[in-house]
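Residue numbers (our numbering), protein chains in the order written: chain A, 1 to 152; chain B, 1 to 133. By construction, the Cβ of each residue, glycine as well, lies at the ideal position given by its N, Cα and C atoms.
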Amino acid sequence: MNDLWLPVANPAFFAQVGPWFMALPHCKTLGLELVAAEKGKVTLKLPFKPELIGNPETRVLHGGVVTSLIDTSSGVALYTLLMQPEAAATLDLRIDYLRPAKPDLPLYCTAECYRLTESVAFTRATAYQDDPTKPVAHSVATFARTSSPTDN
Amino acid sequence: MSCDNLEKALEQIPYAKLLGVQVSLQAGQPQFYLPYAEHNIGNILLPALHGGVIGGFLENAAVLHLMWARESAGIPRIVDFSIDFLRSGKPLDLYGQCEIVRQGKRVANVLMTAWQDDRSKPVAMARAHFLLN
């Protein structure tokens with residue numbers, strides 16, 4: 001299990017913080033799972049659940065669920081670059097809904113922190129189902145680092 | 001659309017039920033309400049509501065506000081959503097209201113605001129485009 005986190009900035013730290021994020025109450029409610037991580041990049045999985053439907057006729061996932069998955073994935077991506085614990089808050093998040101999420105399939109999100117400054121993290125993320133080349137949503141976000149130790 | 005119909009529409013949306021969203025009419029406009037619940041927490045240290053919960057709550061509010069304003073049973077499809085988080089969402093009840101900025105033939109632009117104990121201090125503001133049926 002630990003091998004999965006080896007390429008991140010601080011494997012011992014990320015081995016703790018990754019599962020810690022997944023155990024947060026709303027992440028647990030959604031059933032989020034961390035499936036891969038490397039320096040600057042993570043992939044999270046959201047298994048399909050009927051409670052997450054937004055349109056009862058089409059059974060398409062609610063956009064809000066996609067928002068939670070992308071927000072969490074983007075936040076976790078920045079922790080792959082950190083050496084030690086610090087707080088980060090989402091400043092803004094923009095999502096383009098490219099196609100509806102099909103029912104009964106898991107939704108994955110690969111998020112990348114492509115620029116980390118002393119005070120801000122810039123992220124981009126893609127959510128997809130069975131085919132990563134046909135994304136359900138694309139997103140960009142910024143996060144404020146509330147403390148920035150001089151380890152970067 | 002009456003408040004009863006809004007409540008019925010809300011009842012049909014599984015994710016809105018999971019969050020615990022409620023609705024009432026305030027000065028003739030729908031006001032959305034999310035009672036505090038531990039399962040909506042996203043930061044246990046502060047603690048704070050999950051940003052995705054605030055986003056999902058507002059997005060859902062915009063969908064229902066559009067259905068209410070258009071007297072339509074069809075659920076509008078979201079095209080894009082952009083949210084600014086202005087303050088952390090405290091472990092308190094959350095309120096939301098929407099404004100239709102522009103409604104064209106096919107596309108509507110909606111502004112959303114979420115606040116908690118003080119309406120003049122919003123926790124988030126968002127805007128979205130929807131495709132109308």
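Quick check on residue 19/A: buried or exposed, where buried means 16 or more other Cβ atoms within 10 Å of its Cβ?
In the first sequence, counting from the first residue as 1, residue 19/A sits at position 19. By the neighbour-count rule (16 or more Cβ atoms within 10 Å), residue 19/A is not buried but exposed.
How far does the alpha helix (DSSP H) with residue 59/B in it reach, from first residue to last?
Sequence index remark: in the second sequence, residue 59/B carries index 59 (1-based). Run containing residue 59/B: 51-70, per the alpha helix (DSSP H) assignment.
If I measure Cβ to Cβ from residue 68/B and keep anything under 6 Å in the same chain, skipping five residues before and after, which residues do I get?
Along the second sequence, read from residue 1 onward, the residue named residue 68/B stands at position 68. 1, 6, 30.
Could you spell out the range, first to last residue, of the alpha helix (DSSP H) harbouring residue 16/A?
Working through the first sequence from its first residue, we reach residue 16/A at position 16. Looking at the DSSP string, the run of the alpha helix (DSSP H) that includes residue 16/A is 11-22.
To the nearest angstrom, report how far apart residue 164/A and residue 73/A are at their CA atoms.
Residue 164/A lies beyond the residue range present for chain A, which begins at 1 and ends at 152; the question has no answer from this structure.
Please state if the CB of residue 49/A and the CB of residue 31/A are separated by a distance shorter than 9 Å.
On the first sequence, residue 31/A is found 31 positions in, with the first residue counted as 1. On the first sequence, residue 49/A is found 49 positions in, with the first residue counted as 1. In this structure, residue 49/A lies closer than 9 Å to residue 31/A by Cβ.
So, is residue 127/B buried or exposed, given that buried needs 16 or more other C-beta atoms within 10 angstroms?
Position 127 of the second sequence, counted from the first residue, corresponds to residue 127/B. Buried is the call here.
Any C-beta of chain B sitting closer than 9 Å to the C-beta of residue 65/A?
The residue given as residue 65/A occupies position 65 in the first sequence. Chain B, which has a Cβ nearer than 9 Å to the Cβ of residue 65/A, makes this yes.
Would residue 59/B and residue 125/B qualify as a contact pair, given that the criterion is a beta-carbon distance under 9 Å?
The residue given as residue 59/B occupies position 59 in the second sequence. The residue given as residue 125/B occupies position 125 in the second sequence. No, the Cβ-Cβ distance between residue 59/B and residue 125/B is not below 9 Å.
Put residue 107/A into one of helix, strand or coil per three-state DSSP.
Sequence index remark: in the first sequence, residue 107/A carries index 107 (1-based). Reduced to three states, the DSSP call for residue 107/A is strand.
Just reading off the alpha helix (DSSP H) that residue 13/B is part of, what are its end residues?
Locating residue 13/B in the second sequence gives position 13, where the first residue counts as 1. No alpha helix (DSSP H) holds residue 13/B; DSSP gives it neither H nor E.
Going by the C-beta, is residue 23/A closer than 8 Å to any heavy atom of the ligand SAH?
No copy of the ligand SAH occurs in the structure displayed, which carries no ligand at all.
Do the segment 103-110 of chain A and the segment 126-139 of chain A make contact, defined as three or more Cβ pairs closer than 8 Å?
yes
Starting from the C-beta of residue 7/A, find all residues in its chain whose C-beta is less than 6 Å away, skip the five residues before and the five after it, and write them out in chain order.
If you number the first sequence from 1, residue 7/A lands on position 7. Cβ neighbours of residue 7/A beyond the five flanking positions: 38, 39.
Less than 9 Å between CB atoms is the rule here; does residue 234/A satisfy it with respect to chain B?
Past the edges of chain A, shown from 1 to 152, lies residue 234/A, and the structure says nothing about it.
Starting from residue 28/A, follow the alpha helix (DSSP H) in both directions and report where the run begins and ends.
For the purposes of this step, residue 28/A is taken as residue 28 along the first sequence, with counting starting at 1. 25-30 is the extent of the alpha helix (DSSP H) around residue 28/A.
Proximity winner among 45/A, 16/A, 10/A, relative to residue 132/A (alpha-carbon distances):
As a position in the first sequence, residue 132/A is number 132, starting the count at 1. Comparing Cα positions, the closest option is 45/A.
Minimum Cβ-Cβ distance from residue 15/B to chain A less than 9 Å
Mapped onto the second sequence, residue 15/B falls at position 15. Chain A, which has a Cβ nearer than 9 Å to the Cβ of residue 15/B, makes this yes.
Please check if any C-beta of chain A sits within less than 9 Å of the C-beta of residue 200/B.
Any question about residue 200/B goes unanswered here, given that chain B covers just 1 to 133.
In chain order, what are the residue ranges of uninterrupted alpha helix (DSSP H) at least 4 long that sit wholly in the segment 31-87 of chain A?
63-79
I want to verify the contact list: residues of chain B whose CB lies under 9 Å from the CB of residue 9/A, in sequence order.
Within the first sequence, numbered from 1, the residue matching residue 9/A stands at position 9. Within chain B, no residue comes near residue 9/A; the closest Cβ sits about 21 Å away, beyond 9 Å.
Sort 25/B, 26/B, 17/B by Cα distance to residue 35/B and report the nearest one.
By 1-based counting over the second sequence, the position of residue 35/B is 35. Cα-wise, what sits closest to residue 35/B is 17/B.
Look up residue 7/B in the DSSP assignment and say whether it is helix, strand or coil.
As a working note, residue 7/B is residue 7 in the second sequence. Residue state, collapsed to three classes: helix.
Reduced DSSP category for residue 151/A - H, G, I as helix; E, B as strand; rest coil
In the first sequence, the residue the question calls residue 151/A occupies position 151. The pLDDT assigned to residue 151/A is 43, lower than 50, so where the model puts this residue is not dependable; a value taken from the coordinates is nonetheless given after this. Reduced to three states, the DSSP call for residue 151/A is coil.
Going by C-alpha to C-alpha distance, which of 101/B, 52/B, 12/B sits closest to residue 57/A?
Translated into positions along the first sequence, residue 57/A becomes position 57. The candidate whose alpha carbon is nearest that of residue 57/A is 12/B.
Can you name, in chain order, every residue of its own chain whose Cβ lies under 7 Å from the Cβ of residue 51/B, other than the five neighbours on each side?
Translated into the one-based positions of the second sequence, residue 51/B becomes position 51. Excluding residues within five positions, the ones whose Cβ falls inside 7 Å are 42, 85.
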